[in-house]
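Heads up: the sequence lines are chains A and B, in that order.
Counted the way my numbering counts, the first sequence spans residues 4 to 340.
Counted the way my numbering counts, the second sequence spans residues 4 to 340.
Ideal Cβ placement from N, Cα and C applies to all residues, glycine included.
Report on the structure given below.
There are 2 protein chains.
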Amino acid sequence: MPELRQNPATKDWVIIATERAKRPEDIGAGTVKQPPNKVETCPFCVGHEGRTPNEILAYRTYGTQKNSPGWWIRIIPNAFPALIPQGVPERNKIEDFFTYMDGLGEHEVIIESPDHHQTIATMEPKQVEEIFLAYRERYQTLSRDPRYEMVLLFKNHGIAAGTSLHHPHSQIIATPITPIHVRNRIEAAMHFFDDNGTCVYCEMVAKELKLKERVVMESDNFVAFEPFASRAPFETWVMPKKHHSSFEIISAEDTKELAFIMRSVLGKLHVSLNNPDYNYVIRSAPVHEKGVEYYHWHIMILPRVSAVAGFELGSGIYINTVIPEAAAKFLRETAAR
Amino acid sequence: MPELRQNPATKDWVIIATERAKRPEDIGAGTVKQPPNKVETCPFCVGHEGRTPNEILAYRTYGTQKNSPGWWIRIIPNAFPALIPQGVPERNKIEDFFTYMDGLGEHEVIIESPDHHQTIATMEPKQVEEIFLAYRERYQTLSRDPRYEMVLLFKNHGIAAGTSLHHPHSQIIATPITPIHVRNRIEAAMHFFDDNGTCVYCEMVAKELKLKERVVMESDNFVAFEPFASRAPFETWVMPKKHHSSFEIISAEDTKELAFIMRSVLGKLHVSLNNPDYNYVIRSAPVHEKGVEYYHWHIMILPRVSAVAGFELGSGIYINTVIPEAAAKFLRETAAR
């Protein structure tokens with residue numbers, strides 16, 4: 004089974020994913036990029052339900068059978084899971100120094116459409132609403148499991164973003180730990196709250212709405228903007244205007260509004276950058292820390308148009324060649340299709 | 004000039020590199036991968052010295068002219084610098100919330116050989132020694148400038164590692180800030196020291212040498228090993244056995260020994276993974292914090308054989324498909340050419 008290991012010096016956790024394990028000698032060959040998969044071989048296409056693990060949940064026409072056509076959203080366990088729902092959430096030590104634990108967790112795939120060739124930017128608005136309602140449903144279910152500390156929803160679009168499956172899908176992973184990367188961000192926000200008595204993300208929303216120059220679009224309850232310190236060209240954050248630490252509590256109405264904003268922003272990126280590879284991630288507080296005053300959930304969209312090289316790896320400082328205000332202006336003036 | 008900006012919520016710094024600035028509409032085109040550059044057009048090749056900025060330093064045959072052939076190591080300012088040695092190291096605020104400063108710093112290129120087709124793995128040992136002696140010389144010079152907080156030496160080898168210039172070269176960047184990514188690691192080591200009275204990296208060296216299973220090779224004063232929590236297949240750390248916080252103080256003798264280890268490890272990777280793309284970074288304490296008991300300089304080598312996708316971006320947890328002990332065994336048994 005997979006194993007979680009922590010670096011004693013940096014405190015970074017990694018997953019040693021034995022389910023996906025490669026022999027060392029196979030790694031060199033693994034660097035060859037694969038072409039996008041085709042409909043005939045796609046396990047996510049309608050009619051191919053038998054090629055995936057059994058579905059966990061599907062939004063489907065009344066009366067159609069599980070694991071058969073009739074669905075418009077389908078959620079399945081990842082066939083090559085990073086973490087699996089077995090084992091115990093307990094730390095162990097080697098030599099009283101190296102910490103590890105069972106690779107306990109959940110790893111699900113949200114198939115966003117029966118149609119291989121769609122992407123959020125090109126789907127009907129109603130379909131995008133259904134995707135976000137499915138996110139909400141799975142987030143709520145997984146975050147109730149007391150074994151898990153973090154539930155992360157994310158999407159890899161395109162080869163540079165880490166996927167080889169072209170069929171539109173997102174993923175959700177629940178982990179039995181809060182990783183240091185997340186903890187460090189929460190701690191920074193906690194210090195801001197303790198110093199200023201306000202949520203730093205609420206302040207950010209207020210400043211961005213006042214200055215306007217980095218805002219891409221807004222709705223009643225959400226704003227999309229290029230962060231002041233965008234790490235890459237066209238990095239975009241979508242944030243609720245109202246404070247809440249976790250995506251979990253979002254209402255059904257707000258979920259639909261969020262879907263509208265996400266479809267619009269991804270549509271603008273699709274048109275401006277010619278269907279760029281991108282990732283997005285929904286960042287929330289750890290699941291047992293919901294309701295905190297100092298953290299504010301949001302979605303980070305990162306087009307993968309620039310390389311992460313040695314300087315970024317060593318310093319954590321990203322070099323961005325596009326001024327965020329110029330990127331925001333460009334996206335404001337681009338119509339989604 | 005370039006600008007350093009800090010995200011108020013995450014505390015991450017980024018460089019907005021206007022010298023390299025692209026118009027927003029040029030970004031989509033930038034995703035097309037370029038083929039490796041050729042000798043005819045290579046600015047780093049011998050005889051093409053006029054195509055680069057004037058050299059800062061060169062190791063060259065006595066009597067040969069600056070910026071002309073006769074060198075075996077040549078150090079030049081980066082023609083497209085991320086930071087430039089102008090401006091003042093002072094923080095400014097916008098709206099009492101967003102912090103920025105002049106993009107003050109140094110960005111140099113170390114041309115590692117006159118020969119376009121060499122790489123450290125295939126060079127003569129003497130040439131690799133000269134590279135590391137050049138690193139040491141530039142590190143010492145730049146770290147004496149009171150305006151700078153961090154000096155980072157790194158190498159991008161291959162397109163997946165962020166370079167399009169095939170000619171063997173490394174880079175060095177001096178920054179007027181200590182980035183949060185580096186500070187967080189130092190803080191973790193500081194807490195370990197305060198709790199245990201020992202350097203966590205010294206402990207790591209002792210444990211790895213005792214357990215042996217993750218050691219790739221060792222010499223009198225250095226050890227190369229796969230970290231217990233390797234983030235990617237064949238991640239390798241090269242660490243001095245003796246405690247010191249900064250690369251700066253390394254002796255000339257130890258520099259040669261380090262060059263031997265680096266050439267051997269990169270040679271093993273070159274053979275095992277068929278010349279993989281990789282980055283390496285020399286991690287040291289910030290330049291005004293040298294001599295600290297809790298940090299220990301080392302080199303992190305990261306083959307770029309797996310993708311960073313949404314999960315890694317959102318959680319900081321890397322998924323590694325090769326067991327580090329298996330990778331170490333494989334490298335131990337592989338001879339460098």
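Checklist entry - Near B:G313, what residues of its chain come up, given a Cβ to Cβ distance below 7 Å and the 5 sequence neighbours on each side ignored? => result There are no such residues.
Checklist entry - Which runs of the beta strand (DSSP E) fall wholly inside the region 287-339 of chain B and span at least 3 residues, in chain order? => result The region 287-339 of chain B contains these whole beta strand (DSSP E) runs: 301-306 and 321-323.
Checklist entry - What residue from A:K69, A:Q174 and A:E292 has the CA that sits closest to A:Y283's CA? => result If we check each option's Cα against that of A:Y283, A:Q174 comes out closest.
Checklist entry - If you pair each beta-carbon of the region 243-250 of chain A with each one of the region 288-298 of chain A, do three or more pairs fall below 8 Å? => result Result yes; three or more Cβ-Cβ pairs closer than 8 Å.
Checklist entry - Shortest alpha-carbon distance to B:P72 belongs to which of B:A338, B:T13 and B:S116? => result Checking every option, the nearest Cα to that of B:P72 belongs to B:S116.
Item to check | Counted within 10 angstroms of its Cβ, other Cβ atoms place A:E98 as buried (16 or more) or exposed | outcome: The residue is exposed, with fewer than 16 neighbouring Cβ atoms inside 10 Å.
Next on the checklist: What does the alpha-carbon distance come out to for the pair A:I253 and A:D223?
Outcome noted: Cα to Cα, the separation comes out at about 14 Å.
Item to check | B:W74 versus A:L156: straight-line alpha-carbon distance, rounded | outcome: Per the coordinates, the alpha-carbon of B:W74 lies some 53 Å from the alpha-carbon of A:L156.
Checklist entry - In the region 7-18 of chain B, which residues sit with their C-beta less than 9 Å from some C-beta in chain A, listed in chain order? => result Of all residues in the region 7-18 of chain B, L7, R8, Q9, N10, P11, A12, T13, K14, D15, W16, V17 and I18 have a Cβ within less than 9 Å of some Cβ in chain A.
Next on the checklist: Between A:A232 and chain B, is any beta-carbon pair separated by less than 8 Å?
Outcome noted: It does: the Cβ of A:A232 has a partner Cβ on chain B nearer than 8 Å.
Checklist entry - How many angstroms separate the CA atom of A:I264 from the CA atom of A:V308? => result Their backbone Cα atoms lie some 22 Å apart in a straight line.
Next on the checklist: Less than 8 Å between CB atoms is the rule here; does B:R147 satisfy it with respect to chain A?
Outcome noted: With 8 Å as the cut-off, B:R147 does not count as an interface residue toward chain A.
Next on the checklist: Using a Cβ-Cβ distance cut-off of 8 Å, determine whether B:R335 contacts chain A.
Outcome noted: At a cut-off of 8 Å, the C-beta of B:R335 has no neighbouring C-beta in chain A.
Next on the checklist: What does the Cβ neighbour count give for B:V35, buried or exposed, with the cut at 16 atoms within 10 Å?
Outcome noted: For B:V35, the predicted model reports a pLDDT of 45, less than 50, meaning its position is unreliable; a value from the coordinates is still stated below. The residue is exposed, with fewer than 16 neighbouring Cβ atoms inside 10 Å.
Next on the checklist: Cβ closer than 9 Å: which chain B residues qualify as neighbours of A:L305?
Outcome noted: Think of a sphere of 9 Å around the beta carbon of A:L305: the chain B residues whose beta carbon falls inside it are G313 and L316, in chain order.
Next on the checklist: Assuming contact is defined by CB atoms lying nearer than 8 Å, are B:R186 and B:Y321 in contact in what I supplied?
Outcome noted: Cβ atoms of B:R186 and B:Y321: not closer than 8 Å.
Item to check | Spatial distance of A:A177 from A:A310 (CA atoms) | outcome: Their Cα atoms are separated by approximately 28 Å.
Checklist entry - Could you check where the beta strand (DSSP E) with B:Y360 kicks off and where it finishes? => result The first residue shown for chain B is 4 and the last is 340, placing residue 360 of chain B beyond what the model contains.
Item to check | Span separating the alpha-carbon of B:V226 from that of B:T125 | outcome: Whole-angstrom Cα-Cα distance: 21 Å.
Checklist entry - List, in order along the chain, the chain A residues whose C-beta lies closer than 7 Å to that of B:Y151? => result The premise fails here: B:Y151 is roughly 13 Å from chain A at the closest Cβ pair, so nothing lies under 7 Å.
Next on the checklist: Does A:A184 come out as helix, strand or coil in the three-state DSSP assignment?
Outcome noted: First, the residue type needs correcting, since residue 184 of chain A is His and not Ala in the sequence shown. Three-state result, A:H184: helix.
Item to check | Span of the beta strand (DSSP E) around B:Y103 | outcome: It spans F101 to D105 - the beta strand (DSSP E) in which B:Y103 sits, taken as one unbroken run.
Item to check | Where B:N224 sits in the DSSP three-state scheme | outcome: Looking at B:N224 - three-state DSSP - the assignment turns out to be coil, as it is neither helix nor strand.
Item to check | Interfacial residues, the region 187-218 of chain A to chain B, with Cβ spacing under 8 Å | outcome: Within the region 187-218 of chain A, the residues whose Cβ lies closer than 8 Å to some Cβ of chain B are N187, R188, A191, A192, F195, V203, Y204, E206, M207, K210, K213 and L214, listed in chain order.
Checklist entry - Looking only at C-alpha atoms, which of A:M303, A:E133, A:I134 and A:P88 sits nearest to B:T13? => result If you compare the alpha carbons of A:M303, A:E133, A:I134 and A:P88 with that of B:T13, the shortest gap goes to A:M303.
Item to check | Per-residue contacts from B:R286 into chain A (C-beta, under 8 Å) | outcome: Chain A residues near B:R286: G317.
Checklist entry - Roughly how many whole angstroms lie between the Cα atoms of B:G33 and B:I78? => result Any reading at B:G33 must be qualified, since the residue scores a pLDDT of 46, below 50, and its modelled position is unreliable; the value itself is stated next. Spanning the alpha carbons of B:G33 and B:I78 requires a straight line of approximately 28 Å.
Next on the checklist: Closest to B:I189 by C-alpha separation, out of B:R147, B:K25 and B:E296, would be which residue?
Outcome noted: When each option's Cα is compared against that of B:I189, the closest is B:E296.
Next on the checklist: Under 8 Å, Cβ to Cβ, is there at least one residue of chain B near A:L155?
Outcome noted: Against chain B, the CB of A:L155 has a partner CB under 8 Å away; the residue lies at that interface.
Checklist entry - What residues from chain A crowd round B:Y321, counting only those whose CB sits closer than 9 Å? => result The answer, in chain order, is D15, W16, V17 and I18.
Item to check | Proximal residues, the region 245-271 of chain B versus chain A, C-beta separation under 9 Å | outcome: Result list empty, no residue passes.
Checklist entry - Do A:Y151 and A:P182 have their C-beta atoms closer together than 8 Å? => result Cβ distance not < 8 Å, so A:Y151 and A:P182 don't count as in contact.
Next on the checklist: I'd like to know whether the C-beta of A:H184 is nearer than 8 Å to at least one C-beta of chain B.
Outcome noted: At a cut-off of 8 Å between beta-carbon atoms, A:H184 makes contact with chain B.
Item to check | Neighbour-count burial assignment, A:L276, 16 or more Cβ in a 10 Å radius | outcome: With 16 or more other Cβ atoms from the protein chains shown falling within 10 Å of its own Cβ, A:L276 counts as buried.
Checklist entry - Rounded to a whole number of angstroms, what is the C-alpha to C-alpha distance between A:P46 and A:K69? => result Cα to Cα, A:P46 sits roughly 16 Å from A:K69.
Next on the checklist: Is A:F100 close to chain B? Criterion is C-beta to C-beta, closer than 8 Å.
Outcome noted: A:F100 has a beta carbon lying within less than 8 Å of a beta carbon in chain B.
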